[in-house]
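Numbering (my numbering), first residue to last: -19 to 258. Report on one structure; see the data block that follows.
Pasting the structure below:
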């Protein structure tokens, strides 16, 4: 597995502190820098960000880890973390989907219960994708993906109607609702604010155990599931924070046979990472 990290840095700061030619300029105001995680420049960027934070600023505006696997590595994995890459808004709540907030944790905001069918502006769902997600973590799939899931006899998920905002008529999209038993996330899974700040103050870790941190840093490590016939699961603990429309979210995991079906149908809108059973 090859792991790189992508930063977005203000061009003026990059010019002042980084080596000339490192990264590419995006529109003249932002520089995109992609480096192997072990590169000396990554340690330099971490030091700069720490120095900036002491004065209430940040050196990098965003970051993202990329993990690239060989076909053999993915084939050897016992379980896979399915990452939805297609995002859109407005969220369900903004379109009229009802939530029972009384069940949400008062500390981390996790646990609000959806009590109506999912209502979305389906025109905003990315075209040509088979799986997509709102900023609130509501996952929708295409009719062809849901059909393939059922035809292959996969288990662990229900597919519920998605209503189009306005007339509230059923759309061609379906909401993915994971119905299997959640998989227990283990302490080997690293979470934090970013790869250089693992939230030692526990600002984004729920003291009641609902959320493990703001962002997923490492690959997922989960306890081995019972043989319940499922092919899709979520983690028992969540990542993220309740801010505006953002809600803490679990991570999705799938079986190898579901992966094979997704690849056979050339499903679009997701990527895969290896997950580990312990």
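Just so it is clear, CB atoms sit at the ideal spot from N, CA and C, and this is done for glycine as well. Computed from a prediction, not measured in an experiment: that's the story for all the values here.
Classification of residue 146 by the beta-carbon crowding that lies within 10 angstroms, buried from 16 upward
The residue given as residue 146 occupies position 166 in the chain shown. The residue in question, residue 146, is exposed, as its Cβ has fewer than 16 Cβ neighbours within 10 Å.
Which runs of the alpha helix (DSSP H) spanning at least 4 residues fall entirely within the stretch 43 to 73, listed in chain order?
51 to 56
Does the stretch 156 to 163 touch the stretch 202 to 215, meaning 3 or more C-beta pairs lie closer than 8 Å?
yes
Does the contact criterion of 3 or more C-beta pairs under 8 Å hold for the stretch -3 to 11 versus the stretch 67 to 82?
no
Is residue 21 helix, strand or coil when you go by DSSP?
What you label residue 21 is simply residue 41 of the chain shown in a count that begins at 1. Three-state result, residue 21: helix.
Measuring only the C-alpha atoms, how far is residue 131 from residue 156?
Position 151 of the chain shown, counted from the start, is the residue given in the question as residue 131. Position 176 of the chain shown, counted from the start, is the residue given in the question as residue 156. C-alpha separation (whole angstroms): 16 Å.
How would you label residue 64, buried or exposed, when you count the other beta carbons within 10 angstroms and need 16 or more for buried?
Position 84 of the chain shown, counted from the start, is the residue given in the question as residue 64. Burial call: buried.
Could you tell me if residue 20 is buried or exposed, where buried requires 16 or more neighbouring beta carbons within 10 angstroms of its beta carbon?
For the purposes of this step, residue 20 is identified with residue 40 of the chain shown, where counting begins at 1. With fewer than 16 Cβ atoms within 10 Å of its Cβ, residue 20 is classed as exposed.
Quick check: the Cα distance between residue 219 and residue 165, rounded to an integer number of angstroms?
Within the chain shown, numbered from 1, the residue matching residue 219 stands at position 239. Within the chain shown, numbered from 1, the residue matching residue 165 stands at position 185. In a straight line, the C-alpha of residue 219 is about 11 Å away from that of residue 165.
Go ahead and pull the three-state DSSP assignment for residue 239.
Taking the first residue of the chain shown as position 1, residue 239 is located at position 259. The answer is helix: DSSP assigns residue 239 an H, G or I state.
Taking the beta strand (DSSP E) that residue 113 belongs to, which residues open and close that run?
By one-based count along the chain shown, residue 113 stands at place 133. Counting along the chain, the beta strand (DSSP E) containing residue 113 begins and ends at 111 to 114.
Along the chain, where does the beta strand (DSSP E) containing residue 176 start, and where does it finish?
Here residue 176 is taken as the residue at index 196 of the chain shown, counted from 1. Neither: residue 176 is in no beta strand (DSSP E) and is coded neither H nor E.
For residue 228, the nearest candidate out of 184, 75 and 22 (CA to CA):
As a first step, residue 228 must be located in the chain shown, where it is residue number 248. When each option's Cα is compared against that of residue 228, the closest is 184.
Use the C-beta contact count for residue 30: other C-beta atoms within 10 angstroms, 16 or more gives buried, fewer gives exposed.
Here residue 30 corresponds to residue number 50 of the chain shown, with the count starting at 1. Exposed, by the Cβ-count rule.
Along the chain, where does the alpha helix (DSSP H) that runs through residue -8 open and close?
Numbered from its first residue, the chain shown carries residue -8 at position 12. Segment -9 to -3, the alpha helix (DSSP H) holding residue -8.
Answer with buried or exposed for residue 244, where buried requires no fewer than 16 other C-beta atoms within 10 angstroms of its C-beta.
Reading the chain shown from its first residue, position 264 is the one you call residue 244. Flag for residue 244 reads exposed.
Mind checking residue 151: buried by the 16 CB within 10 Å criterion, or exposed?
Position 171 of the chain shown, counting from 1, holds the residue named residue 151. Result: buried.
With residue 197 and residue 175 assumed to form a contact (beta carbons below 8 Å), what rounded beta-carbon distance in angstroms separates them?
Within the chain shown, the letter at position 217 stands for residue 197. Within the chain shown, the letter at position 195 stands for residue 175. Confirmed, Cβ separation roughly 6 Å.
Can you have a look at residue 205 and say buried or exposed, based on whether 16 or more other CB atoms are within 10 angstroms of its CB?
On the chain shown, position 225 is the one that residue 205 refers to. Under this definition residue 205 is a buried residue.
Taking buried to mean at least 16 other C-beta atoms within 10 Å of its own C-beta, is residue 87 buried or exposed?
Indexing the chain shown from 1 puts residue 87 at position 107. Per the 10 Å Cβ criterion, exposed.
Cβ-based burial, residue 208 [other Cβ within 10 Å; buried from 16]:
On the chain shown, position 228 is the one that residue 208 refers to. Residue 208 should be labelled exposed.
Which residue from 232, 172, 217 and 256 puts its Cα closest to that of residue 44?
The residue given as residue 44 occupies position 64 in the chain shown. Out of 232, 172, 217 and 256, 172 has the C-alpha closest to the C-alpha of residue 44.
According to the neighbour-count rule (16 or more other Cβ atoms, all chains shown, within 10 Å of its Cβ), is residue 109 buried or exposed?
The residue you call residue 109 lines up with position 129 of the chain shown. Within a 10 Å sphere around the beta-carbon of residue 109 sit 16 or more other beta-carbons, which makes this residue buried.
Contact belief for residue 98 with residue 143 at Cβ below 8 Å, rounded distance in angstroms
Looking up residue 98 in the chain shown gives position 118. Looking up residue 143 in the chain shown gives position 163. Contact holds; Cβ gap of about 7 Å.
Contact defined as beta carbons within less than 8 Å: I believe residue 188 pairs with residue 59. What is the distance between those atoms, to the nearest angstrom?
Counting from 1 along the chain shown, the entry for residue 188 is found at position 208. Counting from 1 along the chain shown, the entry for residue 59 is found at position 79. That belief does not hold up - the Cβ atoms of residue 188 and residue 59 are roughly 27 Å apart, past 8 Å.
Run through DSSP, which three-state label would residue 12 get?
Here the question's residue 12 lines up with position 32 in the chain shown. In the structure shown, residue 12 sits in a strand (DSSP, three-state: E or B).
In its own chain, which residues sit with a C-beta less than 7 Å from the C-beta of residue 239, not counting the 5 before and 5 after it?
Working through the chain shown from its first residue, we reach residue 239 at position 259. Same-chain partners within the cutoff: 60 and 252.
With C-beta atoms as the reference, is residue 53 less than 8 Å away from residue -19?
Within the chain shown, residue 53 is the residue found at index 73, counting from 1. Within the chain shown, residue -19 is the residue found at index 1, counting from 1. Result yes, Cβ atoms of residue 53 and residue -19 sit closer than 8 Å.
Residue 140 versus residue 100: straight-line alpha-carbon distance, rounded:
Locating residue 140 in the chain shown gives position 160, counting from the first residue. Locating residue 100 in the chain shown gives position 120, counting from the first residue. Answer to the nearest angstrom: the Cα atoms are 13 Å apart.
Limits of the beta strand (DSSP E) - the one that residue 125 falls within:
Against the chain shown, residue 125 aligns to sequence position 145. Boundaries for residue 125: no beta strand (DSSP E) harbours it, while the alpha helix (DSSP H) harbouring it runs 123 to 131, taken from the DSSP string.
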